[in-house]
Each structure stands twice: as C-alpha cells, then as structure tokens.
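What follows is a set of notes on a single structure, which appears directly below.
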Amino acid sequence: MKIGLKLTLLLLPILFAAGCSEDVPPGEPVGFIQVKGSDTVVNAAQKVAEEFMKDYPHVFVAVTGGGSGVGIASLINKTCDVATCSREMKPKEIEMAEKRSVFPKEFTVAHDGVAVIVNKDNPIDKLTIEDLHRIFTGKATNWKEFGGKDLHIVTLSREVSSGTHMYFKEEVVRLGKKDNRDEFSPQTLLLTSSQAIVEEVAGNEAAIGYLGMGYVSDRTKALLVAKADQFYSPDVDNVIKKAYPLSRGLYFYTNGEPNGVTKLFIDFTLGPKGQQQFIETGFVPMGATVAQKD
Amino acid sequence: MRRKISEYIIESLIKLSGFVVIIFVFLIFLFLLRDSLSLFRVYKVGEFLFGRNWLPISEPPKFGIVPLLLGSIYVTVGAIVICVPVGVAAAMFIAEAAPTFLKHILKSLIEILAAIPSVVLGFIGIIWLSPFLKNTFHLNTGMCGFTGSLLLAFMALPTIISISEDALVGVPRAYKEAAFGLGATRWQALWRIVLPAASPGIIAGVMLGIGRVIGETMVVMMVTGNSPVIPTSILQPLRTLTATIAGEMGETVSGSEHYFALFAVGLVLFIITFIINFLADSFLRRARV
Chain X
1 MKIGLKLTLL LLPILFAAGC SEDVPPGEPV GFIQVKGSDT VVNAAQKVAE EFMKDYPHVF
61 VAVTGGGSGV GIASLINKTC DVATCSREMK PKEIEMAEKR SVFPKEFTVA HDGVAVIVNK
121 DNPIDKLTIE DLHRIFTGKA TNWKEFGGKD LHIVTLSREV SSGTHMYFKE EVVRLGKKDN
181 RDEFSPQTLL LTSSQAIVEE VAGNEAAIGY LGMGYVSDRT KALLVAKADQ FYSPDVDNVI
241 KKAYPLSRGL YFYTNGEPNG VTKLFIDFTL GPKGQQQFIE TGFVPMGATV AQKD
Chain W
1001 MRRKISEYII ESLIKLSGFV VIIFVFLIFL FLLRDSLSLF RVYKVGEFLF GRNWLPISEP
1061 PKFGIVPLLL GSIYVTVGAI VICVPVGVAA AMFIAEAAPT FLKHILKSLI EILAAIPSVV
1121 LGFIGIIWLS PFLKNTFHLN TGMCGFTGSL LLAFMALPTI ISISEDALVG VPRAYKEAAF
1181 GLGATRWQAL WRIVLPAASP GIIAGVMLGI GRVIGETMVV MMVTGNSPVI PTSILQPLRT
1241 LTATIAGEMG ETVSGSEHYF ALFAVGLVLF IITFIINFLA DSFLRRARV
C-alpha cells in the first residue's frame, strides 16, 4: 500500500508532463511567450494572443499588464519575452538594459490617441493644450475659468508607472518642451487603472482625466483638443491624419532580434490578423498610417 | 529509547523553526537596510525624512516622505477612531450580553468578514462608498482619506473583536461574582471590573488591528486618490507609504535611485510596524501574567 502510494506520487509529475505535451506534429512550433507591460495595450495584446493561439495551438502566450514601466523593467530583468509599451523607451532605460546585455528592439504595432475625458454633465466640449496644461499643473482650479460651472476642478492621472502618464506629462504638463520643469499639480489624484479613471469621471461632475482612446465609452465625454485654434476629436481618422494633437505610437520591445516563437508572434501581430485586433479594441493599425503618409 | 529519540528530534525541529523565523525577520531587515543605504549614498537622509515633495520620476527626483508618512498616519488614525469603539463594544456584547445562539452566529460572521479579500473591499469602495461619501459631504471627490479609513476600520474589526472577546471571556468569574456580591449591577460589573481587568488584552487586540491597518495596501491604493500632498483634512485625497511602494514598484528598474527610495520607504514601514507589534506583544504578555 505504502509503496503503491509512493510510486504514484513519483509518477505523478511524469504523467502530468506527458499530458501537457500530447502528440505534436513534427515541424509544429511549440513554446511559451510571456508578454508584459502597458495597460493601454493589454486588451488588444490579449486578443492578438488569443487569435495567435488559434493558429499555433502549441504555443502558449501569457499577457499581463501593470504599466509600460513594468514591461520595460521585466524586459531588462529578462522576465518577459515581449514588453508592451505606450511610450518609447527612454535613453536612460536603454543604457541600463545594455549594461545587463539586453538589447531592446522596437516594433511600432499601432497608433493611439490619448483622449481627455470629462463628465457628461460638464458643459465644456473642447479645450486647447494650453488650457489642459493650466488645469493639470494646478494653475487653473475652477471650471468657471473655461466657461463651465462654478466647480473646483478635480484632475485625475494614471500612476507614474503608466506610459500614458509619462506621455501626458511631456506633451501637456511640460507642453512638449525639453527644458520645461513643470509637474502635475500635487492635488492630482493618481489612480491605478484606466478603468478607475472612467469610474471617477462618470460619477464626478468636476473631474477631468486622460486615457488611451480604446477606453473611451459613452459613459463619459471625450473633449475635442486643439494645439492652436483647430479642434479635433480623438477618433481613428484624426489619429491617422496626425491631426489630433495627442497621438502616439504603441510599441512592442524584444531582447535583440526576435527568434523562434517570439518572431512568429511579432510577425503575427504586425500581420493582418493581429492588426485587426487593434482595430477592434479601438486603436489605429499600422497600415492605415503608412497608407495615409504615401 | 525510541520515544526519547523522536521526542528529541521533534523538539529540535520546533526549536529550529523558531530560529529560522528570527533569522528571516533579521534578513528582511538587513536587505531593506542595505538597499536603503544605497539611496542614502546619493540622497540625504534628512531630505528623505523631512522632504515635503515626492516627485520620483522628475529630473532631479525628490524623495521627501513627509506627505506619505502623514497620509499613512491620517488614514490610520481615522480608522482607529472608527474601529476601536465599535470593535470593543461588539466584543463586550458578544462576551457578556448576547444569548448563546446569537453569539455563535456573530462569531462566524466575524470570521467571514475577515475572509473578504481586500481587493473586493477596494472595488466596493470605488463603485459605491466613494460616490456616496462625495454626495453626503459635498466633496470635490470621494477618493479621499476618509473612504480609506472606513474600509480599513472594517478590515481591522475582526482582529479587534476576536482578541478583545477572548480577553473579556478570560477574566476570572470570581471577579464578577465578587462585584455582584457587593451589590453592583451587571453594567457596573462589566464597566468597572471586567473591562479594566481585560484591558491589556483589549489594548493588544487594538494594537494588532492598527498593525493591520497601517500595513494594508490594496484598499488604500484603490480609494484614497494617491495625491502626494501634505494632507490638511481626512476628507482630502492623500497618499500612503504602502500605496506608494505598490503603485511605483512596477515602474522602477532595479538598481535605480527610485528603486532604492522605495526600499527606504519599506524600511520606514518595517520600523513602524515592528514598534507597534512589539508594543502589542508586551501588552499581551502582561495580559497573561
């Protein structure tokens, strides 16, 4: 009896392993890919992964979020195969990666607009970048100043690990100027997810927040934004035309030139089936931009 | 003979696990200290402890923990003010007043309360509690310290109630009987005799509850708004030590200044919880004597 039990325990892992690797036809790719990073990209990447696994049933792709910083940190620490990012890697980060013999290779996988959202009861429909700058640095504190109601403005931001946070800080808080040292007003609420921003804006008439275009829904109102005097709405057409002033790329990073199943995954993402998933989650595919440029 | 050997083995295993625990705590402290010292090589200790700005990703970064420390204190004090009276009263009710069947129901309910994952409480906080508080108190936003305090109080209640209840039940019957013999009413006996006799145990329960509150992360990160301002009111968004570590750890590349700064924040938290647990433990020991 006792020996029987021991034998079963011994055999268990072997049986388990056998169960996992079934019969793989020769030549069929087998493997495991860890994708980590941006919360903006996570839903799209998840859908791409699901489609990918339909085509390659013996490759398992795990997708997790956490923020662009999380992705970059795990690429440098070699705990993921693909880092997803809603901003480009900073020179300092690349330097740090190279010190650990990780050589990030960048792939632009889609484009995105950063939408600025307010409550549906807020009468304001459009703001300039300069207005947004004054709001998010705390120079303007009442909606009255922009022709709205007499309400204290509640500014919402993502946490510092968010690529969207960094993009917004550079383009709006610092107005895209390298030598500008402005910061988000310390009164700004730092929320942990885009979903939390949607919830707060939907329930708070005084709130204003920003997020990836994919999160815009009819529960909140996306503002028209202007760099100078021409206002544009954050939609696919305006991002393709690069007319919407808060447009940016979304990126995948691998350690060096990708190979094996990772290469398959990157190619799939950039291919028509992968790009289709980005369209469905509300982003702008690569081809559209290129076509427009030509 | 055989029995002696097995007894010896078991005894030394228990002793060993005791030592291992002490070594673990000591090692955690050492690791925190080592990484914190890496920060203090490039950043002044004084600026860290007394700095009023937390701007970790700016150039140059500022790692002043005053707003975070005050945020943690505000939220914790708020939670204590709510949960201590409620918790002790509930323990008194369960130990002395409730009929037996109700006692059993209440005790199992408290156990269920302790088992609710904090992320679920946080979600309830975002969806329901924070809009409710915003409308009730006419705030700019419901994401504030008070929302966090309420939820944390809720989380500390099970600890406080069950330890206080144990302490109350543990008071020798003779004390109460003597009080009754002198003509005291039930309330007088409970308030003047049983409660003071059980007080070291109750204080220990409260201390352990505080330890839980100050170290809690998920709930405060979700509902307090995380603004690194120096708080002037509990009805204002604020940022705690724990939420800062959890919220920012993902961003930092290991080995950077920001990374070490978060370890230094961890060290501060470790020292605070260590002191609280140490005090709680000394009260518990006094309760047993």
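Note that the protein sequences, when read in sequence, are chains X and W.
Going by the working numbering, the residue at position 215 of the first sequence is 215; the numbering climbs one at a time, nothing skipped.
For the working numbering, add 1000 to where a residue sits in the second sequence, where the first one is 1.
Ideal Cβ positions, reconstructed from N, Cα and C, are used throughout, including at glycine.
N- and C-terminal bounds of the alpha helix (DSSP H) containing residue i
i: residue 165 of chain X; result: 163-168
i: residue 32 of chain X; result: Here residue 32 of chain X belongs to no alpha helix (DSSP H); instead the beta strand (DSSP E) covers 31-37.
i: residue 1088 of chain W; result: 1066-1092
i: residue 210 of chain X; result: Premise fails: residue 210 of chain X lies in the beta strand (DSSP E), 207-212, not in any alpha helix (DSSP H).
i: residue 1157 of chain W; result: 1145-1169
i: residue 75 of chain X; result: 68-76
i: residue 1174 of chain W; result: 1173-1181
i: residue 269 of chain X; result: 260-270
i: residue 202 of chain X; result: 194-203
Span separating the alpha-carbon of residue i from that of residue j
i: residue 138 of chain X; j: residue 1229 of chain W; result: 13 Å
i: residue 276 of chain X; j: residue 95 of chain X; result: 34 Å
i: residue 1047 of chain W; j: residue 1063 of chain W; result: 7 Å
i: residue 1033 of chain W; j: residue 1155 of chain W; result: 30 Å
i: residue 1147 of chain W; j: residue 285 of chain X; result: 41 Å
i: residue 48 of chain X; j: residue 1258 of chain W; result: 33 Å
i: residue 117 of chain X; j: residue 188 of chain X; result: 15 Å
i: residue 1193 of chain W; j: residue 1011 of chain W; result: 41 Å
i: residue 1095 of chain W; j: residue 33 of chain X; result: 56 Å
i: residue 1138 of chain W; j: residue 1031 of chain W; result: 45 Å
i: residue 1165 of chain W; j: residue 1150 of chain W; result: 22 Å
i: residue 1040 of chain W; j: residue 208 of chain X; result: 38 Å
i: residue 172 of chain X; j: residue 113 of chain X; result: 13 Å
i: residue 52 of chain X; j: residue 44 of chain X; result: 12 Å
i: residue 179 of chain X; j: residue 170 of chain X; result: 10 Å
i: residue 272 of chain X; j: residue 243 of chain X; result: 25 Å
i: residue 1204 of chain W; j: residue 1284 of chain W; result: 6 Å
i: residue 1114 of chain W; j: residue 255 of chain X; result: 44 Å
i: residue 196 of chain X; j: residue 115 of chain X; result: 15 Å
i: residue 1101 of chain W; j: residue 1087 of chain W; result: 20 Å
Neighbour-count burial assignment, residue i, 16 or more Cβ in a 10 Å radius
i: residue 87 of chain X; result: buried
i: residue 165 of chain X; result: buried
i: residue 259 of chain X; result: exposed
i: residue 250 of chain X; result: buried
i: residue 230 of chain X; result: exposed
i: residue 262 of chain X; result: buried
i: residue 136 of chain X; result: buried
i: residue 50 of chain X; result: exposed
Sub-8 Å separation of residue i and residue j beta-carbons
i: residue 1160 of chain W; j: residue 1125 of chain W; result: no
i: residue 202 of chain X; j: residue 219 of chain X; result: yes
i: residue 1162 of chain W; j: residue 1110 of chain W; result: yes
i: residue 322 of chain X; j: residue 104 of chain X; result: Chain X is shown from 1 up to 294; residue 322 of chain X falls before or after that span and cannot be answered.
i: residue 1198 of chain W; j: residue 1168 of chain W; result: yes
i: residue 216 of chain X; j: residue 234 of chain X; result: yes
i: residue 211 of chain X; j: residue 194 of chain X; result: yes
i: residue 109 of chain X; j: residue 270 of chain X; result: yes
i: residue 1074 of chain W; j: residue 1234 of chain W; result: yes
i: residue 1213 of chain W; j: residue 1241 of chain W; result: no
i: residue 1215 of chain W; j: residue 1143 of chain W; result: no
i: residue 30 of chain X; j: residue 63 of chain X; result: no
i: residue 222 of chain X; j: residue 153 of chain X; result: no
i: residue 190 of chain X; j: residue 1247 of chain W; result: yes
i: residue 279 of chain X; j: residue 1253 of chain W; result: no
i: residue 1078 of chain W; j: residue 1218 of chain W; result: no
i: residue 183 of chain X; j: residue 1238 of chain W; result: no
i: residue 1206 of chain W; j: residue 1045 of chain W; result: no
Limits of the beta strand (DSSP E) - the one that residue i falls within
i: residue 1126 of chain W; result: It is not in any beta strand (DSSP E) - residue 1126 of chain W carries neither H nor E in the DSSP assignment.
i: residue 248 of chain X; result: 247-255
i: residue 106 of chain X; result: 104-118
i: residue 60 of chain X; result: 59-64
i: residue 1212 of chain W; result: First-last for residue 1212 of chain W: 1195-1215, but that is the alpha helix (DSSP H), not the beta strand (DSSP E).
i: residue 127 of chain X; result: 126-128
i: residue 157 of chain X; result: 154-158
Per-residue contacts from residue i into chain X (C-beta, under 9 Å)
i: residue 1248 of chain W; result: 69, 159, 160 and 161
Contact set between residue i and chain W, taken where Cβ atoms lie within less than 8 Å
i: residue 187 of chain X; result: 1227, 1229 and 1237
Within chain W, the residues that residue i reaches when beta carbons sit closer than 7 Å
i: residue 76 of chain X; result: 1253
i: residue 96 of chain X; result: 1253
Residues that residue i contacts on chain X, provided the C-beta gap is smaller than 7 Å
i: residue 1126 of chain W; result: 196 and 199
i: residue 1221 of chain W; result: 192
Under 8 Å from the C-beta of residue i: neighbouring residues of chain X
i: residue 1072 of chain W; result: Per Cβ cutoff of 8 Å: no residues; residue 1072 of chain W is ~16 Å from chain X at best.
i: residue 1058 of chain W; result: 181 and 183
i: residue 1117 of chain W; result: Within chain X, no residue comes near residue 1117 of chain W; the closest Cβ sits about 16 Å away, beyond 8 Å.
Interface residues of chain C facing residue i [CB-CB closer than 8 Å]
i: residue 1141 of chain W; result: This model lacks chain C altogether; the protein chains it does include are X and W.
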